[in-house]
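Written below as structure tokens is the structure these notes are about.
Numbering (our numbering), first residue to last: 607 to 1112.
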């Protein structure tokens, strides 16, 4: 019996040999390799087996180191010109004719980690594929989906010359074959219950099944082929900490960022955390927004409380696409507003969410358990809008929500404005900021808003009305003993700081 170490058998960080199983795309990729002149694009999330697939397919198609050349996009991060990338790679002049000669000499050029190339370089390569095809140059592009899907969009004629394969997950038979080959190499046998739990946990990801099996072996002190066969029975719960540790460096900080919302307020609205919590609990790749809302709202039985929470959810969802982009989760999460769905694009991320302990997130972020969907509602005369927009912009940049009419015209369209604004100023905002100027008492709407705010203030135990002075105007009904913030003596930044302190410390 041959003797192998655990790293020879179950290892998510190398090209698999002993536990290689043919993915469902395998034969089609081999066929494309054997078709003269074909470019090939293989895309998918990290850990789906892209590099292993192309390496094994090249062997089967009869390619070797003598007629292939591998390069990595990681070696050319920051370079914005394709010619410079190839001249650095081949150590030649950045001359088109000389680069073409080197490309021809490669035989078959594999560009791995294509997504690490700068966008202008990726676009220029896409534009060049048709011309290279005509010159007998063949390219294999390997990368994540978002940076490879636009290859055909850039040049539609490339489609018949470039076979495109998008890898996601594999079938259970694939995962069972990986497990079985590892069992044979290490002279062990996982119980049926253990194998089934491993397959279910792996979510169809080749790298995930490697990690799970490796951690399970380590926890059972199996580091090499055993002299006598041994039955292994272990619960996924007993190894999930070891599995999740592998993904933590990749996802944990991004989830923290997602939980904090669009910007990084010192505390976060609890609704962002509620969304993260439901993504973890709903063991699905596509989460319907309506279902998500129902789950979050299920704990609210009082109508007004449900309505306030629904407003808060909508506020968060309005920003979630920007948040996903800011936190580097574009290839992991996708919010489709047309189909009203949040989809998880990376199976490894789905696995991580399934195993994640939510208390770890709570420890890292300060969740602000407020029932108010708006941190601030503003009341002002139209002539003073420039001041309002400055306050709103600065608060938004700090991660706080501001009820501001221009931002919500689509929500207010067709509504009974008196009733809608009355609800907001009475129930939905933590603070009401009044911009006092000579124009304020002259407007019907501002007088209406002020009366509502004054009534709400009388019913609340905490401070609610916060006047900002733009001039010496005073309005009837507002006590002269109340604290004012004078924008003639202080900057807007100072006003924002004072307001943030109130929001955070109430």
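Glycine included, C-beta positions come from ideal geometry on N, C-alpha and C.
Asked	Found
Check each candidate in 938, 729 and 957 and name the one with the smallest Cα separation from residue 818.	957
Does the Cβ-Cβ distance between residue 1039 and residue 1075 come in under 8 Å?	no
So, with DSSP's three-state summary, where would you put residue 836?	strand
Does residue 641 pass the burial test, meaning 16 or more other C-beta atoms within 10 Å, or should it be called exposed?	exposed
Could you tell me whether the Cβ atoms of residue 611 and residue 813 are closer together than 8 Å?	no
Taking its Cβ as the centre, do 16 or more other Cβ atoms sit within 10 Å of residue 804, making it buried, or is it exposed?	buried
Can you give me the Cβ contacts of residue 826 inside the same chain, cut-off strictly under 6 Å, excluding the 5 residues immediately before and after it?	838
Closer than 6 Å by C-beta to residue 1013: which residues in its own chain qualify, once you throw out the five before and the five after it? Chain order, please.	At residue 1013, the pLDDT of 49 sits below 50, so the modelled position is not reliable and the matter cannot be decided from this model.
Under three-state DSSP, which class holds residue 786?	helix
Using CA coordinates, which residue listed in 709, 683, 696 and 751 is at the minimum distance from residue 723?	683
Tell me the DSSP secondary structure of residue 941 in three-state form.	strand
Closer than 8 Å by C-beta to residue 688: which residues in its own chain qualify, once you throw out the five before and the five after it? Chain order, please.	726, 727, 730, 731 and 734
Here's a check: name, in chain order, each residue in its chain whose Cβ is nearer than 8 Å to the Cβ of residue 922, leaving out the five neighbours to either side.	867, 875, 877, 878 and 881
State the Cα-Cα distance for the pair residue 794 and residue 615, rounded to the nearest angstrom.	12 Å
Determine, using beta carbons only, whether residue 669 and residue 714 come nearer to each other than 8 Å.	yes
I'd like the list of long-range same chain contacts for residue 884, defined as Cβ closer than 8 Å, with 5 residues on each side in sequence excluded.	893, 898, 901 and 902
Buried or exposed for residue 859, going by 16 or more other Cβ atoms inside 10 Å?	exposed
Going by DSSP, which residues form a beta bridge with residue 744?	714
Would residue 1037 and residue 1055 qualify as a contact pair, given that the criterion is a beta-carbon distance under 8 Å?	no
Shortest alpha-carbon distance to residue 696 belongs to which of 685, 712 and 686?	712
Terminal residues of the continuous alpha helix (DSSP H) containing residue 1098?	1098 to 1111
Do residue 786 and residue 617 have their beta-carbon atoms positioned less than 8 Å apart in this structure?	no
Could you give the DSSP three-state label for residue 1040: helix, strand or coil?	strand
Per the DSSP calculation, residue 691 is bridged to which residue(s)?	For residue 691, which the question treats as bridged, DSSP gives no partner whatsoever.
For residue 969, which option in 941, 861, 929 and 1004 has the closest C-alpha, if you only look at C-alpha atoms?	861
Identify every run of the alpha helix (DSSP H) within the segment 612 to 700, keeping only runs that are complete inside it and at least 4 residues long; order them along the chain.	612 to 615, 632 to 639, 656 to 666 and 688 to 696
Under 8 Å between the Cβ atoms of residue 648 and residue 796?	no
Taking the straight line between their C-alpha atoms, what separation do you get for residue 740 and residue 676?	21 Å
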